[in-house]
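Reviewing the structure listed below.
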Amino acid sequence: MPLPPTLDLREQSQSAGSSLIAMASTPDDATAHLSLDVEFSGGLEMLFSDQRRHSLTLPAKDKDGNPSNIAYLIHHLCENVMKDTRKELFVLQEHLRPGILVLINDADWELEGEEEYELKSGDNILFVSTLHGG
Amino acid sequence: MPPTTCVRCQANKAVVKRPKNHHKLCRECFITVFEDEVHHTIISSKLFYPGEKVAIGASGGKDSTVLASVLKTLNERHKYELDLVLLSIDEGIKGYRDDSLETVKRNAVQYDMPLKIVGYDELYGWTMDQVVETIGKKGNCTYCGVFRRQALDRGAKTLGIKHVVTGHNADDVAETVLMNLLRGDLPRLSRSTSIVTGGSLNDVKRSKPLKYAYEKEIVLYAHHKKLDYFSTECIYSPEAFRGTARSLIKNLEKVRPSAILDIVRSGEDMARLTPDKGQGACACDEIEGMGGCGSANARTPGNEITQVEASTTEQPTDNGLETEITSNGTPKVNEDEVVKLPVRQRRSKEPGPVQLQTLGKCVKCGYMSSQAMCQACTLLESLNKNRPEISI
Numbered sequence: 080m081p082l083p084p085t086l087d088l089r090e091q092s093q094s095a096g097s098s099l100i101a102m103a104s105t106p107d108d109a110t111a112h113l114s115l116d117v118e119f120s121g122g123l124e125m126l127f128s129d130q131r132r133h134s135l136t137l138p139a140k141d142k143d144g145n146p147s148n149i150a151y152l153i154h155h156l157c158e159n160v161m162k163d164t165r166k167e168l169f170v171l172q173e174h175l176r177p178g179i180l181v182l183i184n185d186a187d188w189e190l191e192g193e194e195e196y197e198l199k200s201g202d203n204i205l206f207v208s209t210l211h212g213g
Numbered sequence: 012m013p014p015t016t017c018v019r020c021q022a023n024k025a026v027v028k029r030p031k032n033h034h035k036l037c038r039e040c041f042i043t044v045f046e047d048e049v050h051h052t053i054i055s056s057k058l059f060y061p062g063e064k065v066a067i068g069a070s071g072g073k074d075s076t077v078l079a080s081v082l083k084t085l086n087e088r089h090k091y092e093l094d095l096v097l098l099s100i101d102e103g104i105k106g107y108r109d110d111s112l113e114t115v116k117r118n119a120v121q122y123d124m125p126l127k128i129v130g131y132d133e134l135y136g137w138t139m140d141q142v143v144e145t146i147g148k149k150g151n152c153t154y155c156g157v158f159r160r161q162a163l164d165r166g167a168k169t170l171g172i173k174h175v176v177t178g179h180n181a182d183d184v185a186e187t188v189l190m191n192l193l194r195g196d197l198p199r200l201s202r203s204t205s206i207v208t209g210g211s212l213n214d215v216k217r218s219k220p221l222k223y224a225y226e227k228e229i230v231l232y233a234h235h236k237k238l239d240y241f242s243t244e245c246i247y248s249p250e251a252f253r254g255t256a257r258s259l260i261k262n263l264e265k266v267r268p269s270a271i272l273d274i275v276r277s278g279e280d281m282a283r284l285t286p287d288k289g290q291g292a293c294a295c296d297e298i299e300g301m302g303g304c305g306s307a308n309a310r311t312p313g314n315e316i317t318q319v320e321a322s323t324t325e326q327p328t329d330n331g332l333e334t335e336i337t338s339n340g341t342p343k344v345n346e347d348e349v350v351k352l353p354v355r356q357r358r359s360k361e362p363g364p365v366q367l368q369t370l371g372k373c374v375k376c377g378y379m380s381s382q383a384m385c386q387a388c389t390l391l392e393s394l395n396k397n398r399p400e401i402s403i
C-alpha cells in the first residue's frame with residue numbers, strides 16, 4: 080500500500096540514512112521484512128568490507144510501497160552496506176555496473192527479470208564481478 | 012516469473028542465458044556445451060598433437076583456472092594425451108601475487124598437475140616492487156608486460172616445453188582489437204586475433220583455447236563448477252586505455268551481447284586485409300601481454316608473404332609464414348585474397364630505435380629478438396643504469 084507522498088518526503092528529509100527504520104515503524108504490511116543472503120565475489124568483496132557473505136534484512140516493500148526488488152537491494156547496498164567510497168565500481172548511472180553478474184538463487188538474473196525481480200525471504204543473491212583479473 | 016526450462020534437455024531449470032545466442036541452459040547442459048565448444052576450438056584449430064607437453068600459464072585468476080580445469084577434463088574425455096603443467100610467474104608484487112600463487116598451489120593439487128613458478132627476481136634480478144621503487148608507478152606495466160612474456164617462454168623452456176596456453180578469452184581479444192583499432196595499429200590488430208602465435212623452431216608456441224569463450228561464461232563456469240580462483244587487481248597503475256576499452260565492451264555487451272564475438276570476427280576479417288599481416292614482429296612486440304607476435308611463423312606454405320613496411324621492417328625469407336586459423340579451422344588468406352591496402356608510414360616515434368627487424372638473438376640473453384638486444388634486456392639495462400626514461 081503506497082505511502083502518502085508527503086509523508087514519504089518528510090521521512091527522507093528527516094532521516095536520510097535511516098529511512099529503513101522509519102519504514103519499519105509504519106503500520107501495515109510495510110512492517111514485513113525479508114531475510115536475504117547476499118554474496119560478493121570476483122573481487123567485489125573488496126568494496127564490501129572484504130566480506131564475502133552478508134546476511135541482510137530488508138523491508139518487504141520499498142518506500143513507495145512496491146515489493147522490494149533487486150533494484151532496491153542494489154540501492155540499499157550502496158547506501159547502507161558499502162563502506163568503500165568508490166560507488167562507481169558497483170553502480171554506474173544508477174544501474175549495476177556492466178560486467179557484474181547477478182545470480183538469483185544460482186540462476187542468471189537475466190532469466191529472472193533483472194532489476195525487476197521481486198525478492199523473497201531466503202533468497203540468495205550473488206554478485207560476481209567479471210572485471211577483475213587474476 | 013515462472014522458472015524457465017533448459018532448451019537443451021527440456022527438463023531442468025535454466026540457470027544460464029548465453030550471451031552469444033540467448034540460449035537458456037541448465038547447469039549441466041551449460042557445462043557440457045561450454046566444454047564442447049572449447050573442444051571444438053581445439054580440434055578445429057589443431058592446437059595440440061598427441062603426447063605434447065603443454066604449459067598452462069596460470070595466474071590463479073578465473074581465466075587460467077577455468078582453462079586448467081577444462082583442459083584437464085577434455086584431455087581425459089577426448090584422450091588428447093597431453094602432458095599438462097601449470098606455469099606461474101611471480102612478478103614480485105607483495106600483497107598481489109602472494110595470494111594468487113597460493114591459489115595456483117591449491118589448483119596444482121586439485122588438478123593433479125605439476126607446478127613451476129618462475130620469479131622476475133631470478134630471471135631479471137628485479138622484482139616489480141623494486142622496479143616501481145625505481146621508476147614510479149607510471150609506465151611500470153610496460154616493464155611487467157615485457158618481462159612476463161619472456162618469463163612464460165623461459166619458464167616453459169626450462170621445463171622442456173614448447174607450447175604455452177593462456178586464458179585469454181573473447182572479451183580480452185575484442186578489447187585488444189578495439190584498442191588497436193583506436194590506435195590505428197592494424198598490423199598488431201591482425202596479430203592479436205590469431206589463436207596461435209610463436210612456434211618457429213627455437214621459439215615457444217602460444218595459444219588461446221578460450222579465445223571464443225565469453226568472459227561471462229568463464230565466470231559462470233567457474234561458479235557452477237565451484238572452481239577455486241582468486242580475483243584481484245594489480246596494485247600498481249591500471250592501464251587506463253585498456254580499462255576504457257573494457258568498459259566500452261561491457262557496455263556494448265549489455266545492449267547487444269553478440270557484439271563481443273562480432274568484434275573478434277571483425278578483427279579476424281580485418282587481419283585478412285592487412286598488407287603485412289603479422290609480419291615484422293618479435294617477442295618484444297607484445298606489450299599488450301596479448302596476442303601475437305609475428306614470429307609466429309613457419310606453419311604454412313610460404314606463399315602469403317605480403318608487403319613489408321619499408322620504414323621499419325625487413326623480413327628474412329624464413330620468417331614470413333604465419334598461419335592464422337579461423338574458428339572453422341580453415342587456414343586464412345591465400346595470396347589472391349590479400350587486398351593490398353595503401354601502406355601508411357608508421358609514425359616515426361613509434362617503435363623506438365629504428366633498426367632492421369631481422370629475427371635473431373639478443374646479444375645479451377640469447378632470447379629471440381628482432382633487434383640486437385631484446386626488449387627485456389633493453390629495459391633492464393636502463394633499470395640497471397637507473398635511467399628508466401627510455402622510450403620504446
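First to last, the sequence lines map onto chains A and B.
Under our numbering, the first residue of the first sequence carries the number 80, and numbering increases by one thereafter.
Under our numbering, the first residue of the second sequence carries the number 12, and numbering increases by one thereafter.
Don't be surprised by glycine CBs; every beta carbon is placed ideally from N, CA and C.
Here DSSP, grouped into helix, strand and coil, assigns N203(A) to strand. Residue range A251 to V266 is occupied by the alpha helix (DSSP H) that includes K261(B).
Annotation: the continuous alpha helix (DSSP H) that includes R194(B) extends over A181 to R194.
Proximity to L238(B) across V49(B), T177(B), K73(B) and L58(B) peaks at K73(B), based on C-alpha coordinates. According to the DSSP secondary-structure assignment, M379(B) is paired through a beta bridge with K372(B). By the Cβ criterion, the region 255-275 of chain B is in contact with the region 178-196 of chain B, since at least three pairs of Cβ atoms, one from each stretch, lie closer than 8 Å. Put simply, the region 150-158 of chain A does not touch the region 265-277 of chain B. Fewer than three CB pairs are less than 8 Å apart. Annotation for E133(B): no residue places its beta carbon closer than 8 Å to its own, counting only its chain and skipping 5 residues before and after. Residues of the region 127-154 of chain A that bring their beta carbon within less than 7 Å of a beta carbon in chain B are absent altogether. Taking a Cβ-Cβ threshold of 8 Å, the residues of chain B close to G122(A) are S242, T243 and E244, in chain order.
By the Cβ criterion, the region 87-97 of chain B is in contact with the region 118-128 of chain B, since at least three pairs of Cβ atoms, one from each stretch, lie closer than 8 Å. Leaving aside the five residues that flank K227(B) on each side, the residues in its chain whose CB is nearer than 6 Å to its CB run, in chain order, P30. Following the DSSP letters along the chain, one finds G156(B) inside the alpha helix (DSSP H) bounded by residues N151 to T169. Membership of T136(A) in any alpha helix (DSSP H) is not indicated; the residue belongs instead to the beta strand (DSSP E) covering R132 to P138.
At least 8 Å separates the CB of D202(A) from every CB of chain B.
Within the model, the alpha-carbon separation for G121(A) versus L221(B) is close to 19 Å. Between A181(B) and V215(B), the C-beta spacing is not below 8 Å. Secondary structure at F169(A): coil, using DSSP grouped into helix, strand and coil. N184(A) is not bridged by DSSP to any residue. Within a 10 Å sphere around the beta-carbon of P198(B) sit 16 or more other beta-carbons, which makes this residue buried. Bridge pairing for P146(A): K140(A) [DSSP].
Annotated three-state conformation of K105(B) is coil, per DSSP.
With fewer than 16 other Cβ atoms from the protein chains shown falling within 10 Å of its own Cβ, D109(B) counts as exposed. For A66(B), the pairing in a beta bridge is given by DSSP as V96(B) and V175(B). DSSP places L272(B) within a helical segment (H, G or I) once states are collapsed to three. With contacts defined as CB atoms closer than 8 Å, L126(A) and L175(A) fail to qualify as a contacting pair. Taking a Cβ-Cβ threshold of 7 Å, the residues of chain A close to T15(B) are L190, in chain order. For E87(B), the enclosing alpha helix (DSSP H) has its first and last residue at K73 to R88. The beta carbon of A66(B) sits closer than 6 Å to those of V96, L98, A167, I172 and V175, all from its chain and outside the five residues before and after it, given in chain order. Here DSSP, grouped into helix, strand and coil, assigns L238(B) to coil.
Taking S111(B) as the centre and dropping the five residues before and after it, the same chain places the C-beta of S70, G71, G72, F241 and T243 closer than 7 Å to its C-beta, in chain order. Here the region 73-88 of chain B lies against the region 41-58 of chain B, with 3 or more beta-carbon pairs under 8 Å apart. Around the Cβ of C37(B), a 10 Å sphere holds 16 or more other Cβ atoms; the residue is buried. A check of alpha carbon separations from T208(B) across D273(B), C385(B) and R217(B) identifies R217(B) as the nearest.
Apart from sequence neighbours up to five positions away, the residues of its chain that approach L182(A) with a beta-carbon distance below 6 Å are L205, ordered along the chain. Contact with chain B is found for T209(A), since one of that chain's Cβ atoms lies less than 8 Å from the residue's Cβ.
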